[in-house]
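Before any comments, here is the structure.
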Amino acid sequence: MYNRIGKRILDCIIGVISLPFLFVIIVIKAPIIYLNDKGPIFYNALRLGKDGKPFKMFKFRSMMVNAPDIRNEDGSTYNGEDDPRVTRVGKFMRKTSIDELPQFLNVFLGDSGIIGTTKKNLDFTRVSLA
């Protein structure tokens with residue numbers, strides 16, 4: 001119980017500290033993402049969070065708008081180095097993990113934490129459990 005409360009307090013502190021930096025990055029990256037491939041700045045996907053509750057995970061969009069869904073044999077999403085769906089800006093963001101920064105919003109909202117397991121895609125989780 002105390003570990004969960006302490007973790008949430010730590011997540012909130014880190015979330016509050018990171019939000020101003022995230023805002024600056026959003027202001028800089030948003031027009032670059034939009035100008036590279038017109039469309040939404042953010043990508044969101046359903047993930048399983050605390051107590052198995054689904055939530056929308058936010059990321060900067062790194063793929064072209066309406067890119068086809070390419071899957072590996074195991075049902076997971078293909079994300080190789082040579083993926084033609086990834087934009088030029090997206091390649092840089094993925095290489096530097098900048099595309100993951102909006103997830104601090106999820107931490108701040110309490111959907112996920114800074115420390116913990118990787119959030120599984122809801123569709124992938126359904127396939128794995130079947």
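Mapping to full-length UniProt numbering: the sequence shown position 67 is 67, numbers consecutive. Where a beta carbon is used, it is the ideal one built from N, C-alpha and C, also for glycine.
- Taking 3 residues as the minimum length, the beta strand (DSSP E) runs contained wholly in the UniProt domain "Bacterial sugar transferase" (7 to 117) are 42 to 48, 54 to 60, in order along the chain.
- With contacts defined by Cβ atoms closer than 8 Å, Phe42 and Arg61 form a contacting pair.
- About 5 Å separates the Cβ atoms of Asn44 and Phe58, confirming a contact at the 8 Å cut-off.
- Val89 has its alpha-carbon roughly 10 Å from the corresponding atom of Leu35.
- Counting of Cβ neighbours within 10 angstroms places Asn66 among the exposed residues, the total staying below 16.
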